[in-house]
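For what it's worth, this note's numbering labels the leading residue of the sequence shown as 41, then goes sequentially.
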Amino acid sequence: MAPFAAALGDLDQALNAARTVDAKTDELIRFALSIKARSEPCVRKHFVGSLAAGATEAEIGYVFALTMREAAGADDCWTHGIISSLEAEATGAEASGCCG
């Protein structure tokens, strides 16, 4: 396990060194990705990190709501797509695209 942990540490260092956005934006992106991944420890870490980097509670709330809405949109699109595909398969017709 140690080589993999070291490799992840190296990746973190490389990403931090190559960062092209400010610290607040970086933390808000990490916060959003943590929400989408449903990783409670990471959500907490990047919530605190966002505040420390200067994000307001309103900005954090917006990112949280936006992330949940976009995740729900992707789920909704997937649901419509699979239903269309299954209906097409059942009838021998061609499936329509996303949300159609």
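All residues carry an ideal CB built from backbone N, CA and C; glycine is no exception.
Inset, instruction - Give me the Cα-Cα distance between Y102 and E110, rounded to the nearest whole angstrom. - result: 12 Å
Legend entry - Host alpha helix (DSSP H) of R109 (start-end): First-last of the alpha helix (DSSP H) with R109: E97 to T131.
Inset, instruction - Could you give the DSSP three-state label for D52: helix, strand or coil? - result: helix
Inset, instruction - Return helix, strand or coil for V88, following the three-state DSSP convention. - result: helix
Legend entry - Assigned exposure category for A95 - 16 Cβ within 10 Å defines buried: buried
Inset, instruction - Pull up the distance between the alpha-carbon of A54 and that of C117, whole angstroms please. - result: 35 Å
Inset, instruction - Report all residues from its chain with a CB closer than 6 Å to the CB of S90; omit the five preceding and five following residues, and keep chain order. - result: Result list for S90: E67, L68, F71 and I100, in chain order.
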